[in-house]
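Asker: Residue numbers (full-length UniProt numbering), protein chains in the order written: chain A, 1 to 481; chain B, 1 to 481. Yeah, the Cβ is synthetic: ideal placement off N, Cα and C, and Gly gets one too.
2 protein chains.
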Amino acid sequence: MLVFKLRRRSNMADTACTLTPMELYGMLNLQGDQVRVLKSKKADKAEIDSAVQLLLKLKSHYKKKTGQEYNAACPPTEDVSSSNNGPAVEDGDDQVDPWNVSTSSAKGVDYDKLIVRFGSSKIDQELIDRIGRITEQTPHRFLRRGIFFSHRDMHQVLDAYENKKSFFLYTGRGPSSEAMHVGHLIPFIFTKWLQDVFNVPLVVQLTDDEKYLWKDLTQEQCHRFAVENAKDIIACGFDVNKTFIFSDLDYMGTSPSFYRNVVKIQKHVTFNQVKGIFGFTDSDCIGKISFPAIQAAPSFSGSFPQIFNGRTDLQCLIPCAIDQDPYFRMTRDVAPRVGYPKPALMHSTFFPALQGAQTKMSASDPNSSIFLTDTPKQIKTKINKHAFSGGKDTIEEHRKYGGNPDVDVSFMYLTFFLEDDERLEKIRQDYSSGALLTGELKKCLIETLQPMIAAHQERRKQITDDVVEQFMTPRKLDFSF
Amino acid sequence: MLVFKLRRRSNMADTACTLTPMELYGMLNLQGDQVRVLKSKKADKAEIDSAVQLLLKLKSHYKKKTGQEYNAACPPTEDVSSSNNGPAVEDGDDQVDPWNVSTSSAKGVDYDKLIVRFGSSKIDQELIDRIGRITEQTPHRFLRRGIFFSHRDMHQVLDAYENKKSFFLYTGRGPSSEAMHVGHLIPFIFTKWLQDVFNVPLVVQLTDDEKYLWKDLTQEQCHRFAVENAKDIIACGFDVNKTFIFSDLDYMGTSPSFYRNVVKIQKHVTFNQVKGIFGFTDSDCIGKISFPAIQAAPSFSGSFPQIFNGRTDLQCLIPCAIDQDPYFRMTRDVAPRVGYPKPALMHSTFFPALQGAQTKMSASDPNSSIFLTDTPKQIKTKINKHAFSGGKDTIEEHRKYGGNPDVDVSFMYLTFFLEDDERLEKIRQDYSSGALLTGELKKCLIETLQPMIAAHQERRKQITDDVVEQFMTPRKLDFSF
Chain A
1 MLVFKLRRRS NMADTACTLT PMELYGMLNL QGDQVRVLKS KKADKAEIDS AVQLLLKLKS
61 HYKKKTGQEY NAACPPTEDV SSSNNGPAVE DGDDQVDPWN VSTSSAKGVD YDKLIVRFGS
121 SKIDQELIDR IGRITEQTPH RFLRRGIFFS HRDMHQVLDA YENKKSFFLY TGRGPSSEAM
181 HVGHLIPFIF TKWLQDVFNV PLVVQLTDDE KYLWKDLTQE QCHRFAVENA KDIIACGFDV
241 NKTFIFSDLD YMGTSPSFYR NVVKIQKHVT FNQVKGIFGF TDSDCIGKIS FPAIQAAPSF
301 SGSFPQIFNG RTDLQCLIPC AIDQDPYFRM TRDVAPRVGY PKPALMHSTF FPALQGAQTK
361 MSASDPNSSI FLTDTPKQIK TKINKHAFSG GKDTIEEHRK YGGNPDVDVS FMYLTFFLED
421 DERLEKIRQD YSSGALLTGE LKKCLIETLQ PMIAAHQERR KQITDDVVEQ FMTPRKLDFS
481 F
Chain B
1 MLVFKLRRRS NMADTACTLT PMELYGMLNL QGDQVRVLKS KKADKAEIDS AVQLLLKLKS
61 HYKKKTGQEY NAACPPTEDV SSSNNGPAVE DGDDQVDPWN VSTSSAKGVD YDKLIVRFGS
121 SKIDQELIDR IGRITEQTPH RFLRRGIFFS HRDMHQVLDA YENKKSFFLY TGRGPSSEAM
181 HVGHLIPFIF TKWLQDVFNV PLVVQLTDDE KYLWKDLTQE QCHRFAVENA KDIIACGFDV
241 NKTFIFSDLD YMGTSPSFYR NVVKIQKHVT FNQVKGIFGF TDSDCIGKIS FPAIQAAPSF
301 SGSFPQIFNG RTDLQCLIPC AIDQDPYFRM TRDVAPRVGY PKPALMHSTF FPALQGAQTK
361 MSASDPNSSI FLTDTPKQIK TKINKHAFSG GKDTIEEHRK YGGNPDVDVS FMYLTFFLED
421 DERLEKIRQD YSSGALLTGE LKKCLIETLQ PMIAAHQERR KQITDDVVEQ FMTPRKLDFS
481 F
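1. Between which two residues does the alpha helix (DSSP H) containing A/L314 stretch?
2. How about A/E210 and A/I294: are their beta carbons less than 9 Å apart?
3. By DSSP, does B/R145 sit in helix, in strand, or in coil?
4. Quick check for students: name the residue ranges of the beta strand (DSSP E) that lie wholly in the segment 181-212 of chain B, counting only runs of 3 or more.
5. What residue from B/Y401, B/I245, B/M154 has the CA that sits closest to B/Q205's CA?
6. Taking Cβ positions, are B/S150 and B/M346 nearer each other than 9 Å?
7. Along chain A, which residues have their Cβ under 7 Å away from the Cβ of B/M330?
8. Are any of the Cβ atoms in chain B nearer than 9 Å to that of A/M252?
9. Starting from the C-beta of B/H268, find all residues in its chain whose C-beta is less than 8 Å away, skip the five residues before and the five after it, and write them out in chain order.
10. Under three-state DSSP, which class holds A/A46?
11. So that I know if they touch, is there some Cβ in chain B lying closer than 9 Å to that of A/P474?
12. With a CB to CB cut of under 7 Å and the five nearest residues on each side skipped, what residues in its chain are close to A/Q324?
13. Kindly indicate the opening and closing residues of the beta strand (DSSP E) around A/Q95.
14. Which of the residues in the segment 293-320 of chain A, read from start to end, lie with their CB under 8 Å from any CB of chain B?
15. Can you tell me whether DSSP reads A/N100 as helix, strand or coil?
16. Enumerate in chain order the residues of its own chain whose CB-to-CB distance from A/M452 is below 7 Å, with the five nearest sequence positions on each side excluded.
17. For the segment 243-272 of chain A, enumerate the residues whose C-beta is nearer than 9 Å to any C-beta of chain B, in chain order.
18. With distances taken between CB atoms, is the gap from A/S257 to A/F188 smaller than 9 Å?
19. Is DSSP giving B/K107 helix, strand or coil here?
20. Going by DSSP, what residue range makes up the alpha helix (DSSP H) through B/Y170?
21. Between the Cα of A/D421 and those of A/W214, A/R141, A/K192, A/P175, spot the shortest distance and give me the residue it belongs to.
22. Just how far apart, CA to CA, sit A/L477 and A/L143?
23. Run the CB neighbour count on A/Y111, radius 10 Å, all protein chains shown included, and call it buried at 16 or more, exposed below.
24. For a cutoff of 9 Å on Cβ pairs, would you count B/Y340 as touching chain A?
25. Can you tell me which residues form a DSSP beta bridge with A/R152?
26. Any residues in the segment 207-240 of chain B with a beta carbon nearer than 7 Å to a beta carbon of chain A? Which ones, in chain order?
27. B/K231 and B/V407 look like a contact to me (Cβ under 8 Å); what is the Cβ gap, rounded to whole Å?
28. If you compare alpha carbons, which of A/P343, A/T135, A/I128 is closest to A/L169?
29. When the Cα of B/G119 is compared with those of B/D284, B/R332, B/A435, which residue comes out closest?
30. By alpha-carbon positions, which one of A/D208, A/G32, A/G237 ends up nearest to A/Q457?
31. Kindly say whether A/I115, judged by its beta-carbon, lies nearer than 9 Å to any beta-carbon of chain B.
32. Could you say if the segment 373-386 of chain B and the segment 297-315 of chain B meet the contact criterion of at least three C-beta pairs nearer than 8 Å?
33. At 3 residues or longer, and completely inside the segment 213-271 of chain A: list those beta strand (DSSP E) runs for me, N to C.
34. Could you tell me whether the Cβ atoms of B/G146 and B/T448 are closer together than 9 Å?
35. Could you give the residue range of the alpha helix (DSSP H) that holds B/D466?
36. How would you write the range of the alpha helix (DSSP H) that A/L445 sits in, first residue to last?
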């Protein structure tokens, strides 16, 4: 959000004020809103006209000054005044929002930069050690290896936990297709670990309404995907006595408390705000515009009276991929204004596509990742054919110069799924030195993933419709606060 | 609302701008809002500080320039610049939308003009006669007297009805307070008649969520008003076996089908559309922006599977005041795109305030109308004291020139509530001729309203919480299609 300021040297004795591009831009934003307000209010024609006249004058002057057309969505790229004060537009930034993740670097998104941009905190060694001490467990490999790398308010959560004040977990998934890939498991594998070591209840939101609003799918399709995805989530081993999984299309219509929280949130968020956070435009449907409140609502324990006996004061912890943070920045902004605690968060990095870390995977491209339905043979073929290699072109060169694990997708996947730290470190060294060849590295990944996926498929087979229904039935969960 | 303008002589080649007191005042208003927005958004401290700094500078300068303290509530007394371009003249059109109804004519809104503007059809004698023929009943006085004056697709509804294809009724109320006045009864009195003569089921929506979003009220207050208003609605004599009354805050959370239709509608309406229809702005909350879909949903029979056995093809007829038409223009636009029949409508005129037909009544001003809780004495006093009279100043003049029933509120009220056509016509003639004095006319209205209100209060007393619960329980209704 930008504001317009008067240059220090500008003389306030008269009202003359020389505006910088950034100041002009801020003024244009305000005056633009002003014109919209007047029109919607059906104000006097004269009033509207003079407001519009000023707007046009400012625009033409803005163009004179910057050589650019005024565009509310993007501030002036060159700003003399702000060069020494504060964040203007950073070029070459990675793009990260709930619908787009892109970077130009083969190593992937610059996560330290994201922490600064999003204003979250780094999960540092001290926090990792503290979690280990409190849970008396070895911190999960996702923590040890910086895969969950960023957080909000975790120390506060742990302070309370040490004082016997527990919390509940909330994570979710957008069921855009039946097929889930290994990357989709990351938040669930970690959430399952958190549920075990902290012994806390968990709610899992399946946003089938969101997928209906965003994709060219019917409600029936989205709901079916939700149920199918629920099976893969359950197969991660969640405790049925501590876990509630719900489809929005079902749960909204079965819980007055959930809807009441959604409306409460919707009353406290303006279109200007969601426009700024999510980049919605006037031609987006009103369903998209109001949806963020639906993803926000499960952060508040009052949305689940059957689980929390109507208590609205319980702390929520949300493990999710960093691209979901905008939803929860909004939620944390609203929370105090509706009298609820702000949810805490733990953010994960993205799981790279087989083709490389430049992009997030798409469930639509079967070769972009390993799917939970792949056969051992498919896993082997995909990795050998598609996994981007950090190795050299010839064995000779590789032996001589070594490979680059930082851009090697097979090695990246091993950091996610190979539990043994020492072995992983040895692989890194041998690959870098050239002692380990790309083929051998891939073989090692194949031998790690094949049994893991097979075991998942085995567990998933055991999950009957009855089991799914148990998890998806609103009910009391087994825990004590 | 004021805006700041640049003096013609101000040179746009540089950004130097000399502000008049009025321009400074407008700038202060905008910047004041800006600061509030930043604070509520918990923006960076630096951002807020510089916005506040500018605000203070502007204030001190405003004082220098005007010798007055800036006060958002009152503009500067002297404004040179705006003297030559003052507020433009009204374009004469009546303003009619769900939140504002205003006209300059003492006879009230020009309804023929509205029909043209809204693109609806006039309820003409032919349609009235046809309704009489089909129902074998004398058309209701609201039809005979042009109180329900406009419609959409009524002939289609009647064609189907004659071919044994029935329909269902949908009307509603925004429960903004416990107090309802006689004007609020108009749609319900007429709907009750339609239910009787056509023998059809009815759904009544109480938009307590809307009132929560628009007013400074809690959800609990709005819900309580909904239940209280339900009692007055039930007291109109609706058949419990054919009528379902629901609060949005309750029903949304108890009916997945209702929510699914809401989302379906929300997917097919853009912000541009609701902006055009309802005049929403970017600073409106996302709850308001998506609400129209919630008022639209009951137009579709699929929103009530328990009543209509899951059928989605049943025709809906909506009796409502004309100011609600924008919601249903939107609904009729969406219907074919989601595969549902367009609802038909019958529009009523507005019930005039005691003070005159220029405005709609406000439940907040106790003297603007007769309330359903008024005692016989209060009714008498209000009418004698506040009912705008079309009579002459002195008895002599009145006898000589006669009164004007077209602007006389007591006479208007009689057209709503006096059943006897001949007697009403005689009153009109005698009042116009001067034979009937204002006092006598008012007496006649008092004698009509006192027993009517007393009887309503008597029926309302009989309505227990159990009865309310019966009406508000989702259930099968008694009818056949």
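Answerer: By the coordinates alone:
1. It is not in any alpha helix (DSSP H) - A/L314 carries neither H nor E in the DSSP assignment.
2. yes
3. coil
4. 202-206
5. B/I245
6. yes
7. Ordered by position in chain A, no residue passes the 7 Å Cβ test against B/M330, which lies about 10 Å from the chain.
8. yes
9. V334, R337, V338
10. helix
11. no
12. P98
13. 95-97
14. A293
15. strand
16. F417
17. D248, L249, D250, Y251, M252, G253, T254, S255, P256, S257, F258, Y259, R260, V262, V263, K264, I265, Q266, K267, H268, V269, T270, F271, N272
18. no
19. coil
20. Counting along the chain, B/Y170 falls outside any alpha helix (DSSP H), though it belongs to the beta strand (DSSP E) covering 167-173.
21. A/R141
22. 28 Å
23. buried
24. no
25. A/L345
26. D209, Y212, L213, Q219
27. B/K231 to B/V407, Cβ: 35 Å. No contact.
28. A/P343
29. B/R332
30. A/G237
31. no
32. no
33. 243-247
34. no
35. 465-472
36. 438-461
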